[in-house]
Structure formats: C-alpha cells, structure tokens
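To keep things clear, I will list the structure first and then write my remarks on it.
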Amino acid sequence: MFSESSDHIKNGFKKLNQQVRGIVRSSEFKRDIVRYLKTLETNPNDLHSAEDIIEFTKRTPEEEYPEHDIGKFLWTQAEGIDVGSDKFEEMVKQERFYGGEGGILGAMDKHNLDLLVVPSSFGIANDLAAKMGFPVLGVPLGFFPEGTSVELDDNKPHLVRVAPGIPYSLTLISKSYSDGVLLQVAYAFEQLSEVRANGPAPIVVPTTELDTVQ
C-alpha cells in the first residue's frame, strides 16, 4: 500500500491502562447480566447475578473449572465495579478521550486520515473503536513461517498462540458511517497483497455456499 498512491502518517498511540478497560467493561457486564437473567422465562439453576454464575461454575463439574477459568467474571467482584460509581465515571471519561480527541479520532482529524491501521493484536484500539461506534475490519497480513518456535498461551497452556502457519492480521479503523471507505481499502489491500493466495493450503475447504441452502 505504501507504493499504491496512498499517504501514510505514523502515529504514537498512547496506551490506555488495562485496568481502565477492565473496570468499564466489567461494570457494564455486571449490570447487564442481571438485566438479561431477569428476562429468562425459565431459570432452572436460579442464577440472578454474576456472583451466582461464578459460584455455579465453580461447583458444576461439567463447566471444567478451573481448567476453564472465570477470570473475567471475577473482575466484576472488584471494589468500585458498578455503573455510576466515581471510579466507573472517571474510567469512562478516559476511554472517551483516548477513543476520541486524545487517540483514534484525534489522530484521524489532525492528519486528515481515512483510516487508522494497527496490528490486530493491539486489542485496545479494537475496544475503543467499538465503544466509539467506529467500524473495524481485519485483513490478513501473513502467516508465521516454517521454523517458527511454538509458543503456548500464558494463561491457557493447552492453547497454541504462535506456530508455523498461524495467520496474523491488520486492523483497519475508520470514522463512523465510513464503512464504504473501509471496505474499499480492505479489498484493495487484499488484492494487492495476495496474502491468502500465498499462504498455506487450508486443511478444510467449505463446499456449501449460502445461496445453495436458502
């Protein structure tokens, strides 16, 4: 893309503290799970809150706890994790700042950008874009080559994080209601890079298209 009639501005994106992201997400989940459980016509396990789900998961063998952990549920139990609390309101302000004038939107407006491009592993940009209502799209960038050392997930050692043939990608972010621009650039990038065509052959290839089952 650097040689295909596009201008590029490099930007140092400030990192928002992981705690901030966790507090906002966990507070909203803690509130919303209660609302959701109230809508159930049947609730055989008598679950009414995040606390109930945590205890049910711990005592139910079929849930395979602790091999399958409940870390993100436990975030809801931290002090100050409530929508409307002072801590929550302060963290929301920070997220809006970094997603807006202090980060994504600010960089795009200042430099008159159509898109912001980040590694897909840079989760904070994806989170902030979603919360700001910005469209996000991933495009393939490449595959880890033969000879790459296998790396297991730190938190789930039975899962592989890096290995030969595993794909990695870029995330494209545009402003609200700019989906058309996002799709055009993503399509052009895929056609120019031909990453999929030059990657490893898929193990399973689907044979059914939507129009054959409608």
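Residue numbers (the UniProt record's numbering): 1 to 214.
Glycine included, every Cβ here is placed at the ideal spot set by N, Cα and C.
Status (buried if at least 16 other CB within 10 Å, exposed otherwise) for residue i
i, result
"residue 50", "buried"
"residue 149", "exposed"
"residue 116", "buried"
"residue 76", "buried"
"residue 95", "buried"
"residue 130", "exposed"
"residue 203", "exposed"
"residue 122", "exposed"
"residue 185", "buried"
Cβ-based neighbour list, residue i, same chain, cut-off 8 Å, excluding 5 preceding and 5 following
i, result
"residue 83", "27, 28, 30, 31"
"residue 48", "34, 37, 38"
"residue 152", "158, 159, 160, 161"
"residue 179", "135"
"residue 74", "54"
"residue 40", "none"
"residue 43", "37"
Cβ pair residue i, residue j closer than 8 Å
i, j, result
"residue 164", "residue 145", "yes"
"residue 134", "residue 167", "no"
"residue 173", "residue 124", "no"
"residue 177", "residue 128", "no"
"residue 132", "residue 102", "no"
"residue 141", "residue 195", "yes"
CA nearest to the CA of residue i, picked from the options
i, options, result
"residue 190", "177, 148, 171, 45", "171"
"residue 72", "53, 93, 61", "53"
"residue 136", "60, 182, 110", "182"
"residue 126", "175, 187, 74, 68", "175"
"residue 68", "46, 188, 156, 209", "156"
Beta-carbon proximity list for residue i, same chain, < 7 Å, skipping 5 on both sides
i, result
"residue 58", "65"
"residue 70", "54, 57"
"residue 200", "143, 165"
"residue 63", "57"
"residue 87", "23, 80"
"residue 211", "none"
"residue 45", "56"
Same chain only: Cβ atoms within 6 Å of residue i, ignoring 5 sequence neighbours per side
i, result
"residue 138", "120, 169, 171"
"residue 197", "none"
Residue i Cβ short of 7 Å to the ligand COA heavy atom set
i, result
"residue 39", "Questions concerning the ligand COA fall outside what the structure shown contains, since it holds no ligand whatsoever."
Hey, which unbroken runs of the alpha helix (DSSP H) at 4 residues or more fall wholly within the segment 124 to 199?
Annotation: the segment 124 to 199 contains the following complete segments of the alpha helix (DSSP H) (minimum length 4 residues), in chain order: 179 to 193, 195 to 198.
As an exercise, report each continuous alpha helix (DSSP H) stretch of at least 4 residues that is fully enclosed by the segment 41 to 87, in chain order.
Assignment of alpha helix (DSSP H) within the segment 41 to 87, counting only whole runs of 4 or more residues, yields 50 to 59, 71 to 74 in chain order.
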